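Enquirer: Provided herewith is a single structure, encoded as structure tokens, for subsequent inquiry.
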Amino acid sequence: MVYPKPPAILAGRDLRPADLAADLPGALLRTYAWMLTARTADNRILDLFRQGLIRGTVTGGQGNEGLIVPLALLADKDVDVISLTHRGLGGHLIWSGHLVDHLNQYFANAASPTKAREGNVHHGDPKHRSLPMISHLGIMVSNVVGATDSQRRFGRPAMGFAFIGDGSSSTGDVHESLNLATLLNLPILFVIENNHYAYSTPVSEQYAAGLELWRRAAGYGIEGLALDCTADVAATLQTFAAAIDKVHRTGRPLLIEANTLRLRGHAAYDTCDYLKPGEADAMFAADPLPKLRARLAAGSHGAKLDALDAEIAAFVEECLKVAMAQPRPDPAGMANDLFAPPAPPIPWVPSIDSEPVSATPKTQNPKPKS
Ligand SMILES: Cc1ncc(C[n+]2csc(CCOP(=O)(O)OP(=O)(O)O)c2C)c(N)n1
Ligand SMILES: [Mg+2]
Numbered sequence: 070m071v072y073p074k075p076p077a078i079l080a081g082r083d084l085r086p087a088d089l090a091a092d093l094p095g096a097l098l099r100t101y102a103w104m105l106t107a108r109t110a111d112n113r114i115l116d117l118f119r120q121g122l123i124r125g126t127v128t129g130g131q132g133n134e135g136l137i138v139p140l141a142l143l144a145d146k147d148v149d150v151i152s153l154t155h156r157g158l159g160g161h162l163i164w165s166g167h168l169v170d171h172l173n174q175y176f177a178n179a180a181s182p183t184k185a186r187e188g189n190v191h192h193g194d195p196k197h198r199s200l201p202m203i204s205h206l207g208i209m210v211s212n213v214v215g216a217t218d219s220q221r222r223f224g225r226p227a228m229g230f231a232f233i234g235d236g237s238s239s240t241g242d243v244h245e246s247l248n249l250a251t252l253l254n255l256p257i258l259f260v261i262e263n264n265h266y267a268y269s270t271p272v273s274e275q276y277a278a279g280l281e282l283w284r285r286a287a288g289y290g291i292e293g294l295a296l297d298c299t300a301d302v303a304a305t306l307q308t309f310a311a312a313i314d315k316v317h318r319t320g321r322p323l324l325i326e327a328n329t330l331r332l333r334g335h336a337a338y339d340t341c342d343y344l345k346p347g348e349a350d351a352m353f354a355a356d357p358l359p360k361l362r363a364r365l366a367a368g369s370h371g372a373k374l375d376a377l378d379a380e381i382a383a384f385v386e387e388c389l390k391v392a393m394a395q396p397r398p399d400p401a402g403m404a405n406d407l408f409a410p411p412a413p414p415i416p417w418v419p420s421i422d423s424e425p426v427s428a429t430p431k432t433q434n435p436k437p438k439s
């Protein structure tokens, strides 16, 4: 399988605070390129689902790129731990692998990272500390806590990135994970992706105690803040960079409630008929991707944008062709890797004589009442 060569700008998967200070327009152009790649891929995946070429269901990240792309670019992919949600294709693309690897997952073909056992974006790259998505909301957060703790115990300077939807923020695992991470002083950035809906339920019907989810941080004794990831990508990059720096310096968790968007509803089948009149228009008007493009068009990189857009569109199409040409998985191998190989027998034979009889009883009878 020959993977198409990505556009040169996608060779860079990292942004550091120094890059933002030295060349903000260059940093924004790279962020734009990744956001557009994720958006184009998500849109094409939706098209192919509607044509019956992708099965299962498709939960797109359209609208969430302004959150996940800046954060994934700023994370240290060599040491950090992450677990992306079903809105995180952009994060997967930046973290590791090639677009073709991720498309193989959607096509559930023989080359898919889950060997076609799991649907659409329910995959990860455990070797590179990207823990696969778990459908039961909230549970991935506890995995990030455990994996970050384990990396620290190995002496590695890892921090964790845990993502929570506004809906999953009400699950018990999230509370347990925030509590434990704080208790153990773990450097984890908890990010609530607040796109204002869980399926068709608006946030106004989800909580008994207030809509400002970042305020929950106080209940755990950690810092919390709100960030609008739809407005200004430069500000998003700066805020995430400062938050990452703070988590590293303090070694403590930090909670960010990020305002984000879910532009295509919950999943491919969602008609969004529960939205109020004008609500969809307002969401599309808030989309950070065209806003970032307009900003770049007015700046020093403006002349490059049309060519970059065309290059990214062509790259995505080439990748789709390669992934679609992969064979179907062989059902014969479906049971492989499900169970650990049998362990060697324990060198111990149970026997009533194997322990010397102790003179003192192991339990004391209670004193008889007088
Ligand atoms: C514990 C649990 N309850 C319910 C579901 C079904 N479910 C899947 S996605 C979803 C909505 C999640 O909303 P949110 O956390 O806000 O994330 P979003 O889809 O908006 O990104 C629900 C209820 C689930 N997967 N797990
Ligand atoms: Mg939501």
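Each number in my numbering comes from the position in the sequence shown (counting from 1) with 69 added on. For glycine and all other residues, C-beta sits at the position ideal for the given N, C-alpha and C. Keep in mind the model is a prediction, meaning the values are calculated, not measured.
(1) Go through its chain and collect everything with a Cβ distance to H370's Cβ below 7 Å, but skip five positions before and after it.
(2) Label T106 either buried or exposed according to how many other C-beta atoms from any shown protein chain fall within 10 Å of its C-beta, with 16 as the threshold for buried.
(3) Just confirm the distance between the C-beta atoms of N263 and T299, as a whole number of angstroms; I'd bet it's less than 8 Å.
(4) Name the two residues that bound the continuous alpha helix (DSSP H) containing A227.
(5) For G236 and L206, which I take to be in contact (beta-carbon distance under 8 Å), what is that distance rounded to the nearest angstrom?
(6) Work out the CA separation of S238 and T29 for me, nearest whole Å.
(7) Tell me which residues pass a beta-carbon proximity test against ligand 2: closer than 7 Å to any heavy atom, given in chain order.
(8) Return the residue from the list M352, F353, D350, D375 that minimises the CA-CA distance to R362.
(9) Are the beta-carbon atoms belonging to Y72 and H161 less than 7 Å from one another?
(10) Does the region 397 to 415 touch the region 181 to 189, meaning 3 or more C-beta pairs lie closer than 8 Å?
(11) What are the start and end residues of the beta strand (DSSP E) that includes D378?
(12) Is S219 near ligand 1, going by C-beta to nearest heavy atom under 6 Å?
(13) Hey, out of S152, T126, G81, whose CA is closest to G188's CA?
(14) On a CA-only basis, which of N212, H244, Y343 is nearest T270? Give me that one, please.
(15) Run the CB neighbour count on F384, radius 10 Å, all protein chains shown included, and call it buried at 16 or more, exposed below.
Expert: Here's the rundown:
(1) Translated into the one-based positions of the sequence shown, residue 370 becomes position 301. Only P94, L98 meet the Cβ criterion.
(2) Taking the sequence shown and counting its residues from 1, the one referred to as residue 106 is at position 37. Result: buried.
(3) Here residue 263 is taken as the residue at index 194 of the sequence shown, counted from 1. Here residue 299 is taken as the residue at index 230 of the sequence shown, counted from 1. In fact, because the Cβ distance is near 11 Å, the residues do not count as touching under 8 Å.
(4) Locating residue 227 in the sequence shown gives position 158, where the first residue counts as 1. First-last for A227: undefined, no H or E at that position.
(5) Your numbering for residue 236 matches position 167 in the sequence shown. Your numbering for residue 206 matches position 137 in the sequence shown. Yes, they are in contact, since the Cβ atoms of G236 and L206 sit about 7 Å apart, within 8 Å.
(6) No information on residue 29 is available, as it lies outside the stretch 70 to 439 that the chain covers here.
(7) Cβ-based neighbours of ligand 2 within the cut-off: G234, D235, G236, E262, N263, N264, H265, Y266, A267, R331.
(8) Within the sequence shown, residue 362 is the residue found at index 293, counting from 1. For the residues M352, F353, D350, D375, the minimum Cα distance to R362 belongs to D375.
(9) Here residue 72 refers to the residue found at position 3 of the sequence shown. Here residue 161 refers to the residue found at position 92 of the sequence shown. No.
(10) Result yes; three or more Cβ-Cβ pairs closer than 8 Å.
(11) One-based indexing of the sequence shown puts residue 378 at position 309. D378: not part of any beta strand (DSSP E); member of the alpha helix (DSSP H) spanning 374 to 393, first to last residue.
(12) Counted from its first residue, the sequence shown places residue 219 at position 150. Ligand 1 has no heavy atom closer than 6 Å to the beta-carbon of S219.
(13) As a first step, residue 188 is located in the sequence shown; it is residue number 119 there, counting from the start. The shortest C-alpha separation from G188 is found at T126.
(14) As a first step, residue 270 must be located in the sequence shown, where it is residue number 201. Measuring from the Cα of T270, the nearest candidate turns out to be Y343.
(15) By 1-based counting over the sequence shown, the position of residue 384 is 315. Counting Cβ neighbours within 10 Å, F384 comes out buried, since at least 16 surround it.
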